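The opening residue of the sequence shown carries number 1 in the UniProt record's numbering; numbering runs sequentially from there. Ideal Cβ placement from N, Cα and C applies to all residues, glycine included. It should be emphasised that the depicted structure is a prediction, and the values quoted were computed from it without experimental measurement. A short worksheet on the structure shown next.
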Amino acid sequence: MCNHGFFGDGVICKEACTCRLRGDPILRSYDGNYIILSGTNKYQMTKHIDPRDECSFNVEVKAGHPKHILGTTYPRFLEVMVYSIVIHLDQHGRAYIGGSSGTQIQLPSNNVLHPGLRIYKYRNYVIVDTDCGLRVGFDGEGLRSVAVIDVPPRYKDKMVGLCGDCDGKLDDLRTAEGVRVDHRADKFDLIANSFKVDEFSDKDLPAETQA
């Protein structure tokens, strides 16, 4: 058995591809590039690009402004799509099926929604753990919110999103179209805007959902 953060058969273990996002949103890609998110839209963090694969996954993050604090954003919630299930990870340890208006999940939920899916709390994090190797953790605490995504190295070069492709190269400062923008002063906005999944902004949320 491999140690935490590694994948393999216990004899040959390889380090996981890990992407982290924390508020005021700074994202560290799988390969170590840093990207600053300043908008309040919903963005694609990471997506497996083969939809035919049973383990195909997609993770999106909604950034938002804290109440009464201008010019600052934070990871408001995550949505994890795996096994054809949408899991919404919200602030303060809440998790829902299908979105914030869906059914709240009573934790732990092990192999209930799918034989290969476990959702549970570990310290301050709500963890979505799968037999496919995808592991997503979210600690939703306003400006202190942290999201962590671990995937096996076999997904190298098979992912898109703000987290990059885990190819071992510091070349993730590029748009969704593959254009490198590391030389641009507005590179972070260009990258983030290219990975927007909709125009869902703070004004579309009822006040009680805002942290």
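#### Entry: Limits of the alpha helix (DSSP H) - the one that Ala192 falls within
Looking at the DSSP string, the run of the alpha helix (DSSP H) that includes Ala192 is 187-194.
### Message
Assuming Val82 and Thr130 are in contact, meaning their beta carbons sit under 8 Å apart, how far apart are those beta carbons, in whole angstroms?
### Response
Val82 to Thr130, Cβ: 6 Å. Contact.
### Message
Excluding the 5 residues flanking Val181 on each side, which residues of the same chain have their C-beta closer than 8 Å to its C-beta?
### Response
Within the same chain, Val181 has close Cβ partners Leu173, Arg174, Thr175, Lys187, Leu190, Ile191.
#### Entry: Selection from Asp150, Asp198, Asp165, Lys158 that minimises the alpha carbon distance to Arg52
Between Arg52 and the set Asp150, Asp198, Asp165, Lys158, the nearest pair of CA atoms involves Lys158.
### Message
Here's the rule I'm using: 16 or more other beta-carbon atoms within 10 Å means buried, otherwise exposed. How should Gln91 be labelled?
### Response
If you draw a 10 Å sphere on the C-beta of Gln91, you find 16 or more other C-beta atoms in it, and that means buried.
### Query
Whole beta strand (DSSP E) runs in the region 106-172 with 3 or more residues, listed along the chain?
Runs of the beta strand (DSSP E) inside the region 106-172: 117-122, 125-130, 135-139, 146-151.
### Message
Closest to Pro66 by C-alpha separation, out of His88, Ile87, Ser38, Gly93, would be which residue?
### Response
The shortest Cα separation from Pro66 among His88, Ile87, Ser38, Gly93 belongs to Ser38.
### contact_flag[the region 103-119, the region 24-37] where n(CB pairs < 8 Å) is 3 or more
By the Cβ rule, the region 103-119 does not count as touching the region 24-37, because fewer than three pairs are nearer than 8 Å.
### Task
Let me know the secondary structure DSSP gives Val11 once reduced to three states.
Low confidence applies to Val11: its pLDDT is 48, below 50, so where it sits in the model is not reliable, and the reading given next is rough at best. In this structure, DSSP gives Val11 a state outside helix and strand, which the three-state scheme calls coil.
### Query
Residues in its own chain within less than 6 Å of Ser194 by CB, not counting five upstream and five downstream?
Cβ within range, chain order: Thr175, Ala176.
### Own chain partners of Gly168 with C-beta closer than 7 Å, once the 5 adjacent residues on each side are dropped
If the five residues before and after Gly168 are omitted, its C-beta is found closer than 7 Å to the C-beta atoms of Asp31, all from its own chain and listed in chain order.
### Query
Within 10 angstroms of its Cβ, does His88 collect 16 or more other Cβ (buried), or is it exposed?
Looking at its Cβ environment, which holds 16 or more other Cβ atoms inside 10 Å, His88 is buried.
### Query
Relative to the C-alpha of Asn110, which residue among Leu162, Ile149, Val128, Ile35 is closest?
Measuring from the Cα of Asn110, the nearest candidate turns out to be Val128.
### Task
For Glu54, count neighbouring Cβ atoms within 10 angstroms of its own Cβ and tell me buried if that reaches 16, exposed if not.
By the C-beta density criterion, Glu54 is exposed, having fewer than 16 other C-beta atoms within 10 angstroms.
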